[in-house]
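Novice: Note that our numbering gives residue 263 to position 176 of the sequence shown, counting from 1, and the numbers run on in steps of one.
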Amino acid sequence: MTIRGSFVIIAVMVLIAGCQPAAETPVLPTALDLNMLATSDAATAMAIASPTRRPLPPTFTPSPLPSATPTDPASVPTATPEGFRADGTIYYLINGDAIVELAADGSFEDLLPIPHIGQNVSDLTLSPDGLQMAYVGPGAGSAREVYITDRSGTNTRQLSNLGFSEIQPPVWKPDGTALAFIAAQGPEAPRGIYVVNADASGQRAVIQLPSLELRDLVWGGDWLYFSDQTIYAVNQATGALTESLTQFTGYGSDFSPEHSPTQPELYYLKTRFNRDTGQRGGVLASFDTSEIPELPVERPGAELYVESLRYGPNGDFLLIAGEEGVWVQDQTLQTATKILQDVVVDPRPVLSPDSESVAYISLDAAGVEQIYLVNRRGGEPVQITFHQEGIITDLNWVAG
Numbered sequence: 088m089t090i091r092g093s094f095v096i097i098a099v100m101v102l103i104a105g106c107q108p109a110a111e112t113p114v115l116p117t118a119l120d121l122n123m124l125a126t127s128d129a130a131t132a133m134a135i136a137s138p139t140r141r142p143l144p145p146t147f148t149p150s151p152l153p154s155a156t157p158t159d160p161a162s163v164p165t166a167t168p169e170g171f172r173a174d175g176t177i178y179y180l181i182n183g184d185a186i187v188e189l190a191a192d193g194s195f196e197d198l199l200p201i202p203h204i205g206q207n208v209s210d211l212t213l214s215p216d217g218l219q220m221a222y223v224g225p226g227a228g229s230a231r232e233v234y235i236t237d238r239s240g241t242n243t244r245q246l247s248n249l250g251f252s253e254i255q256p257p258v259w260k261p262d263g264t265a266l267a268f269i270a271a272q273g274p275e276a277p278r279g280i281y282v283v284n285a286d287a288s289g290q291r292a293v294i295q296l297p298s299l300e301l302r303d304l305v306w307g308g309d310w311l312y313f314s315d316q317t318i319y320a321v322n323q324a325t326g327a328l329t330e331s332l333t334q335f336t337g338y339g340s341d342f343s344p345e346h347s348p349t350q351p352e353l354y355y356l357k358t359r360f361n362r363d364t365g366q367r368g369g370v371l372a373s374f375d376t377s378e379i380p381e382l383p384v385e386r387p388g389a390e391l392y393v394e395s396l397r398y399g400p401n402g403d404f405l406l407i408a409g410e411e412g413v414w415v416q417d418q419t420l421q422t423a424t425k426i427l428q429d430v431v432v433d434p435r436p437v438l439s440p441d442s443e444s445v446a447y448i449s450l451d452a453a454g455v456e457q458i459y460l461v462n463r464r465g466g467e468p469v470q471i472t473f474h475q476e477g478i479i480t481d482l483n484w485v486a487g
């Protein structure tokens with residue numbers, strides 16, 4: 088059974104166990120001190136080759152609370168409110184033509200009934216409150232447009248109205264009231280940055296730039312940060328553009344900026360090449376954003392040669408992913424734990440709503456992409472999807 092281009096429900100295997108054997112005491116990985124600008128593979132606590140499936144707990148139905156004179160029985164809370172999943176829900180794209188809703192415990196999986204199912208959809212991103220999702224889908228003719236829908240996929244609306252063939256991933260304003268995105272009329276046309284309200288009103292151009300290199304847009308306060316070989320920022324209200332906020336290394340662009348959801352801090356990757364090891368990739372760097380548009384001081388970080396960064400929902404942890412593995416950086420302690428080793432596909436990891444677990448993509452024994460979970464401290468992974476085929480992208484994990 089396949090998912091591609093189909094309205095059929097994705098088959099999900101559910102294993103219910105009444106009891107589980109006692110787990111062995113996990114050996115926690117060694118923390119990596121990022122201030123020492125060094126790496127350590129001794130922190131690995133991951134076994135990709137032998138993921139195990141977690142038994143699901145039996146359904147729990149709470150009894151009504153005792154009361155001598157109940158005034159409103161309907162007001163008595165249940166352990167799990169209707170429609171709420173204790174472990175949260177993961178949304179992702181399958182084969183670039185459908186959005187999938189997956190219970191984070193693996194007990195439910197289905198396609199969302201968006202109007203573009205079976206067509207080219209991309210760049211799925213959920214709102215800060217987790218109640219809405221935006222994606223890029225087909226517009227008129229060859230155009231691509233930004234759409235928004237609720238978590239049921241039944242209330243889809245078109246947000247952008249540009250008629251452009253090039254639209255990069257939309258990003259949410261921190262308060263969820265608007266989205267920003269980079270767009271161009273065609274592959275060789277200069278890029279512009281646009282903002283549109285989440286109710287589909289007020290679409291406007293923030294700035295037009297004579298560059299084909301604009302990418303990696305991220306929102307931080309009143310500023311939109313982006314890569315154009317180095318990192319720049321533009322004020323989303325006035326269109327004022329800063330000078331280059333970072334120094335060009337000569338090895339490639341600064342990329343993957345991530346602004347903390349709680350602190351005035353931007354992390355990003357600087358392209359470097361290690362002549363001794365032959366490694367090429369992004370090394371960590373950051374700067375304080377509290378004084379923007381004043382030029383900040385770049386702070387170097389660990390030379391991990393990775394490809395992407397992603398903050399957790401509360402800003403306490405930063406996911407760092409590359410070919411050599413995945414690290415979880417504690418932003419308070421400034422140490423990182425390596426939880427995945429030598430990944431075989433881009434894991435595209437995402438933290439759970441409580442930042443205790445990490446969902447990521449890896450291959451099963453048959454070479455098919457599946458979704459796995461692992462504790463953010465490391466440990467044995469758990470496979471939660473069992474597809475027969477498909478390409479998975481754009482993992483999002485939200486509460487409820």
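Virtual Cβ for every residue (Gly too), placed ideally from N, Cα, C.
With C-beta atoms as the reference, is I479 less than 9 Å away from G193?
Specialist: No. Outside cutoff.
Novice: Mark G289 as exposed unless 16 or more other C-beta atoms lie within 10 angstroms of its C-beta, in which case mark it buried.
Specialist: When all chains shown are included, G289 counts as exposed.
Novice: Alpha carbon to alpha carbon, how far is S331 from A292?
Specialist: Taking the straight line joining both Cα atoms gives about 21 Å.
Novice: Rounded to the nearest angstrom, what separates V233 and Y459 at their Cα positions?
Specialist: Those two C-alpha atoms are separated by around 29 Å.
Novice: On the criterion of 16 or more Cβ atoms from any shown chain inside 10 Å, does R386 qualify as buried, or is it exposed?
Specialist: Counting Cβ neighbours within 10 Å, R386 comes out exposed, since fewer than 16 surround it.
Novice: Identify the residues that DSSP records as bridge partners of N483: which are they?
Specialist: Answer is Y178, bridged to N483.
Novice: Please report how far the alpha carbon of N242 lies from the alpha carbon of Q206, in whole angstroms.
Specialist: When rounded, the distance between both Cα atoms is 18 Å.
Novice: Classify F185 as buried or exposed, calling it buried when 16 or more other Cβ atoms lie within 10 Å of its own Cβ.
Specialist: The question names Phe, but residue 185 in the sequence shown is Ala. Buried, because 16 or more other Cβ atoms sit within 10 Å of the Cβ of A185.
Novice: For S239, is the beta carbon positioned less than 8 Å from some heavy atom of the ligand SAH?
Specialist: Ligands in the displayed structure: none, and consequently the ligand SAH is not present.
Novice: To which residues of the same chain is I379 closer than 7 Å at the C-beta, ignoring the five residues directly before and after it?
Specialist: Excluding positions up to five away in sequence, the list reads W310, A320, T329.
Novice: Is the separation between the beta-carbon of V305 and that of L353 shorter than 9 Å?
Specialist: Yes, the pair counts as a contact, with Cβ atoms nearer than the cut-off.
Novice: Is P400 buried or exposed, if buried means 16 or more other CB atoms sit within 10 Å of its CB?
Specialist: Its Cβ being crowded by 16 or more others within 10 Å, P400 is buried.
Novice: Drop a sphere of 10 angstroms on the beta-carbon of R362, count the other beta-carbons inside from all chains shown, and report buried for 16 or more, exposed for fewer.
Specialist: Exposed, because fewer than 16 other Cβ atoms sit within 10 Å of the Cβ of R362.
Novice: Within 10 angstroms of its Cβ, does Y281 collect 16 or more other Cβ (buried), or is it exposed?
Specialist: Its Cβ being crowded by 16 or more others within 10 Å, Y281 is buried.
Novice: Could you check which residue in L218, T212, G217 has the C-alpha nearest to that of G224?
Specialist: Considering only alpha carbons, the answer is T212.
Novice: Could you give the distance in angstroms between the alpha-carbon of T156 and the alpha-carbon of T236?
Specialist: Reliability of the predicted coordinates at T156 is poor, the pLDDT of 38 falling under 50, and no value is obtained from them.
Novice: Please check the pair P215 and G263, which I expect to be a contact at CB under 8 Å, by giving their CB distance rounded to whole angstroms.
Specialist: The pair is a contact, with the Cβ atoms about 5 Å apart (cut-off 8 Å).
Novice: Using CA coordinates, which residue listed in Q255, S377, Y398, T424 is at the minimum distance from P344?
Specialist: For P344, the nearest C-alpha among the options comes from Y398.
Novice: Could you compute how far the alpha carbon of F94 sits from the alpha carbon of G183?
Specialist: Its pLDDT being 33, under 50, F94 is placed unreliably in this model, and the coordinates cannot settle the point.
Novice: Bridge partners for A190 per DSSP, in chain order?
Specialist: Beta-bridge pairing links A190 to T176.
Novice: Would you mind sorting N462 into buried or exposed? The rule is 16 or more other CB atoms within 10 Å of its CB.
Specialist: By the neighbour-count rule (16 or more Cβ atoms within 10 Å), N462 is buried.
Novice: Buried or exposed, going by whether 16 or more other CB atoms sit within 10 Å of the CB of G226?
Specialist: G226 should be labelled buried.
Novice: Tell me which same chain residues have a C-beta within less than 6 Å of the C-beta of Q457, skipping the five on either side of it?
Specialist: Cβ neighbours of Q457 beyond the five flanking positions: D451, Q470, T472.
Novice: Could you name the residues of the same chain whose beta carbon sits closer than 6 Å to that of R244, not counting the 5 residues immediately before and after it, in chain order?
Specialist: Counting only Cβ-Cβ distances below 6 Å, and skipping sequence neighbours, we find I235, A287.
Novice: Exposed or buried, which one is F335 when buried takes at least 16 other CB atoms within 10 Å?
Specialist: Looking at its Cβ environment, which holds fewer than 16 other Cβ atoms inside 10 Å, F335 is exposed.
Novice: Do you know how far the Cα of S247 is from the Cα of V283?
Specialist: Rounded to whole angstroms, V283 to S247 spans 7 Å at the Cα level.
Novice: What is the DSSP secondary structure of G308, reduced to helix, strand or coil?
Specialist: G308 falls in the coil class under three-state DSSP.
Novice: Quick check on V187: buried or exposed, where buried means 16 or more other Cβ atoms within 10 Å of its Cβ?
Specialist: Looking at its Cβ environment, which holds 16 or more other Cβ atoms inside 10 Å, V187 is buried.
Novice: Assuming S340 and Q316 form a contact by the criterion Cβ under 8 Å, report the distance between their Cβ atoms to the nearest whole angstrom.
Specialist: With a Cβ gap of about 5 Å, S340 and Q316 count as contacting.
Novice: Less than 9 Å between the C-beta atoms of L382 and P436, yes or no?
Specialist: It is not a contact, given that the beta carbons lie outside the stated cut-off.
Novice: Which ranges does the beta strand (DSSP E) cover as unbroken runs of at least 3 residues, wholly within the segment 323-369, from first to last along the chain?
Specialist: Whole beta strand (DSSP E) segments, 3+ residues: 341-346, 352-360.
Novice: Flag this pair as yes or no: are the beta carbons of V430 and I407 separated by less than 9 Å?
Specialist: No; because the gap between Cβ atoms is not below 9 Å, this pair is not in contact.
Novice: Could you check what DSSP says for V432 in three-state terms: helix, strand or coil?
Specialist: Three-state DSSP puts V432 in coil, outside helix and strand.
Novice: Given a threshold of 16 other Cβ atoms within 10 Å of its Cβ, counted over all protein chains shown, does G466 qualify as buried or as exposed?
Specialist: That one is buried.
Novice: Among E275, Q272, P200, whose alpha-carbon lies nearest the alpha-carbon of G240?
Specialist: Comparing Cα-Cα distances from G240 to each of E275, Q272, P200, the minimum goes to P200.
Novice: Can you tell me where the beta strand (DSSP E) holding G412 begins and where it ends?
Specialist: Run containing G412: 412-417, per the beta strand (DSSP E) assignment.
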